[in-house]
Amino acid sequence: MSGDTVPHSGGLRAGAAGRRRAARLSLGFGLLSVVVAISITALAGSPPLAYQYVPLALSVVVLGLPHGAVDHLVLPRARGDPVTLRSLAFVGLLYLLVGTAYAVVWFLAPVAAFVLFILVTLVHWGQGDAYALLALVRVDHLGTRASRLLALVVRGGLPMLVPLIAFPAQYAFVAETLVGLFDPDAAAALEPVFSPPARAAVAIGFGALVALALLLGFVRSGPDGRGPWLVDLTETLGLVAYFAIVPPILAIGLYFCFWHSLRHILRTMLVDPVAATALDRGAIGAASRRFARDAAPLTAGGLLVLVGIGLAVPRTPATVPDVIALYLVTIAVLTLPHVVVVTVLDREQRVWSP
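The sequence shown runs 9 to 362 under our numbering.
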């Protein structure tokens, strides 16, 4: 493949063996979760709603919430700099100011906050997969900024838009539970989004983007890049099927843990000298313990944010869907500053500078 399509090393500490191991872990766990979930749903049908919430509930401590809890360490490590009070203060103030501002939006305009949550998540999850395609899959068909932006929109749109097309009632239910924590009547403003004409327009428009991305990838991939393109094709079509078949609450919970969060955790390990060295020698357990130790303080901090928002919402959560909705609002508040950190990391690793 052509070397100029891969992000700059950007402080990667792992050697070739560590990078290959990270690629196998990310691709393996992601595809395994997709195949297993599709198979179980196809054979046994949709599980009861209470069981569908289990992956999201587990994500509080397993992969999900912790994946962003090393934001205070990842940028200095990527730059090869020591962690200083200044770098810690930057991330702390970022979370305080941006997170608080977004939390206020939830209280004042919950419908707008929900729409922003969907858009930010689309961008962020697409951002994560664009990096994985370049650095882990090592595709050679994303050699321009425009092609990488298209990959971002397609990969981020799969978990956010396919469930809207395939499961409008459940999507609306999730929107109602989140918005309803702040204003039970406000979610009615979202009803036009779930109408058949709106979903048909999304299906046609987004479907065209998916087809365009795959076709351009095939045309642009050289003989040595056909294998990586096939990985891209398999992941993309697999995710289309996954989000069209598996109920969205279950699908998002599994994807959040075993696709998006795991890939980002591996990315942070690759810039950490200690974890990267462990990956190089195959000591995945040691690398995982290192990450868990680093992520523990801010994971606990995220739980405090959850409690704080729970005490402040006008409507006390009384059901499992309400509690998970509260958790998702917390994730939303924490995601916005996290996206800023990842965007800076993208810049350090030249993800958007072919």
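For glycine and all other residues, C-beta sits at the position ideal for the given N, C-alpha and C.
Since the model is a prediction, treat every value here as computed from it, not as a measurement.
Let me make sure I understand the geometry here. Which of the options has the alpha-carbon closest to that of residue i?
i	options	result
T244	A50, D79, D137 and R27	D137
T152	P192, L312, G261 and L224	L224
I260	G165, L344, L116 and L51	G165
V182	A24, V331 and V349	V331
Y250	L66, W267, G235 and R289	W267
L217	F98, A154 and A294	A154
A24	A308, T343 and G290	G290
G230	A219, A308 and H149	H149
S34	V359, T324, C265 and V337	C265
R297	V282, G53 and G188	V282
Residue i by DSSP, collapsed to three states: which one?
i	result
R27	helix
A291	coil
T327	coil
R358	coil
V350	helix
H149	coil
T92	coil
D280	coil
L342	helix
Y61	coil
R140	It should be noted that the sequence gives Ala, not Arg, for residue 140. Three-state result, A140: helix.
V70	coil
D12	Below a pLDDT of 50, predicted positions are generally treated as unreliable, and D12, at 47, falls in that range; the measurement from the model is reported next regardless. Residue state, collapsed to three classes: helix.
A117	coil
V321	coil
S296	helix
A77	coil
G38	helix
P84	helix
P55	coil
Y110	helix
Would you call the CB atoms of residue i and residue j closer than 8 Å?
i	j	result
A195	V123	no
V210	L158	no
T185	A333	yes
A30	A303	no
I339	L71	no
L353	A58	no
G26	D288	yes
*Which full runs of the alpha helix (DSSP H) of 4+ residues lie inside the region 172 to 251, going along the chain?*
176 to 188 and 204 to 228
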